[in-house]
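If you're matching them up, the sequences are chains A and B in order.
Residue numbers for the first sequence follow our numbering, beginning at 280 and rising by one.
Residue numbers for the second sequence follow our numbering, beginning at 546 and rising by one.
From the three backbone atoms N, C-alpha and C, an ideal C-beta is built for every residue, glycine too.
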Amino acid sequence: GAGVSQSPSNKVTEKGKDVELRCDPISGHTALYWYRQSLGQGLEFLIYFQGNSAPDKSGLPSDRFSAERTGGSVSTLTIQRTQQEDSAVYLCASSLNSGSPYEQYFGPGTRLTVT
Amino acid sequence: DQQVKQNSPSLSVQEGRISILNCDYTNSMFDYFLWYKKYPAEGPTFLISISSIKDKNEDGRFTVFLNKSAKHLSLHIVPSQPGDSAVYFCAASEGGGNQFYFGTGTSLTVIP
Chain A
280 GAGVSQSPSN KVTEKGKDVE LRCDPISGHT ALYWYRQSLG QGLEFLIYFQ GNSAPDKSGL
340 PSDRFSAERT GGSVSTLTIQ RTQQEDSAVY LCASSLNSGS PYEQYFGPGT RLTVT
Chain B
546 DQQVKQNSPS LSVQEGRISI LNCDYTNSMF DYFLWYKKYP AEGPTFLISI SSIKDKNEDG
606 RFTVFLNKSA KHLSLHIVPS QPGDSAVYFC AASEGGGNQF YFGTGTSLTV IP
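Right, dumping it as C-alpha cells:
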C-alpha cells in the first residue's frame with residue numbers, strides 16, 4: 280500500500296516568507312508526527328496529533344511554527360516569517376496508534392532552504 | 546539537551562564482519578527503544594525494537610541488546626552486507642508517551 284507522502288520534496292524560500300509543508304499519512308493511521316533534522320543533528324520532535332485529541336505542540340520551537348491536521352488525515356506544517364535557522368529536513372511520520380510499541384512510518388521529508 | 550546519544554558519527558566494516566552500533570541514553574524512564582535505518586533522500590524506516598523488560602531482541606541478521614543499568618543499547622548486524630550501508634538512528638520513548646527521542650545517527654559503510 281501507499282506509504283507516507285510529503286510535498287514538496289524541496290523548498291527554497293527567502294527569509295521572511297511563509298511556507299507550508301504537507302504530509303499525507305498512511306490511511307488508517309491515527310497518529311501523526313512532525314520532526315525536523317537540522318544539519319548534523321538528530322531528529323527533533325515538533326508536534327504530534329492523535330485522532331481528534333488536542334495536539335501535543337510541546338516541540339514547536341517558536342510561535343512562528345504551527346500545524347493542522349484536517350479530518351484526521353492530511354497535515355500541514357506552516358512556518359511563518361522563515362529564518363535561516365529554519366533550514367532543515369522536515370519529516371512526517373504516522374503510526375497506527377500512539378506510543379510504544381507502535382512503530383512510526385516516515386515520509387521522505389521536505390528539504391527546506393531559507394536564503 | 547540530547548537525551549539519546551550516538552557518539553560515533555560513522556563506522557566502516559568489511560563485508561561479512563559484524564557491525565556494532567552503539568547508543569546511550571540519559572532518561573531512566575525510557576522503556577521502549579527502536580532502531581531506524583535511513584538511506585539518502587528517504588525517510589527513516591523501522592528496523593527493530595526492544596522493550597525494557599527484555600535485554601535482547603533478534604530479527605534475522607539484526608540483534609538489539611539493552612543494558613538498562615548502563616543506559617546503553619547496541620545494534621549488531623551479522624554478517625554485514627553492502628546493502629546495510631546507511632545511517633542508523635536509535636530512538637527511545639517513555640511509558641507509551643507521544644514523544645520519541647532520536648540520536649544523531651551513525652553512518653555505516655560496509656566495504657565489499
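Cβ pair count under 8 Å reaching 3, the region 552–560 of chain B against the region 576–593 of chain B:
no
Using a Cβ-Cβ cutoff of less than 8 Å, which residues in the same chain neighbour ILE305(A) once the five nearest sequence positions on both sides are dropped?
Only GLY280, ALA281, GLY282, VAL283, SER373, TYR384 meet the Cβ criterion.
What's the C-alpha gap between PHE344(A) and GLY561(B)?
46 Å
Rounded C-alpha distance that separates THR357(A) from THR349(A)
Each residue's Cα considered, the two are about 14 Å apart.
If contact means a Cβ-Cβ distance below 9 Å, which residues of the region 603–629 of chain B contact chain A?
From the region 603–629 of chain B, no residue has a Cβ closer than 9 Å to chain A.
Please list the partners that ASP335(A) has in chain B, where partner means a Cβ-to-Cβ separation under 7 Å.
Within 7 Å Cβ-Cβ: ASN643.
Short of 8 Å in beta carbon distance, which residues of its chain neighbour PHE607(B), apart from the five on each side in sequence? Order them along the chain.
TRP580, LEU592, ILE593, LEU620, HIS621, ILE622
Between the Cα of LYS613(B) and the Cα atoms of VAL655(B), SER573(B), PRO657(B), which residue gives the shortest distance?
Checked all of VAL655(B), SER573(B), PRO657(B); the closest Cα to LYS613(B) is SER573(B).
SER573(B) at chain A interface by Cβ criterion, 8 Å
Taking Cβ atoms only, chain A never reaches closer than 8 Å to SER573(B), which makes this a no.
Name the chain B residues whose beta carbon is nearer than 9 Å to that of LEU370(A)?
GLY588, PRO589
Just to confirm before moving on: does the CB-CB distance between THR309(A) and GLN329(A) stay below 8 Å?
yes
Among ILE598(B), VAL632(B), LYS601(B), which one has its Cα closest to the Cα of TRP655(B)?
Correcting the residue type first, residue 655(B) is Val in the shown sequence and not Trp. Of ILE598(B), VAL632(B), LYS601(B), the residue nearest in Cα terms is VAL632(B).
Mind listing the chain B neighbours of PHE385(A)? Cutoff is C-beta to C-beta under 9 Å, in chain order.
TYR581, LYS583, GLU587, GLY588, PRO589, THR590, PHE591
Every unbroken alpha helix (DSSP H) within the region 329–365 of chain A, with a cutoff of 4 residues, ordered by chain:
Segments of the alpha helix (DSSP H) lying fully in the region 329–365 of chain A: there are none.
Can you name, in chain order, every residue of its own chain whose Cβ lies under 7 Å from the Cβ of PRO387(A), other than the five neighbours on each side?
Here PRO387(A) has GLN285, SER288 as same chain residues with Cβ atoms under 7 Å from its own Cβ, once five neighbours each way along the sequence are excluded.
What number of angstroms, rounded off, separates the C-alpha of GLN548(B) from the C-alpha of SER564(B)?
24 Å
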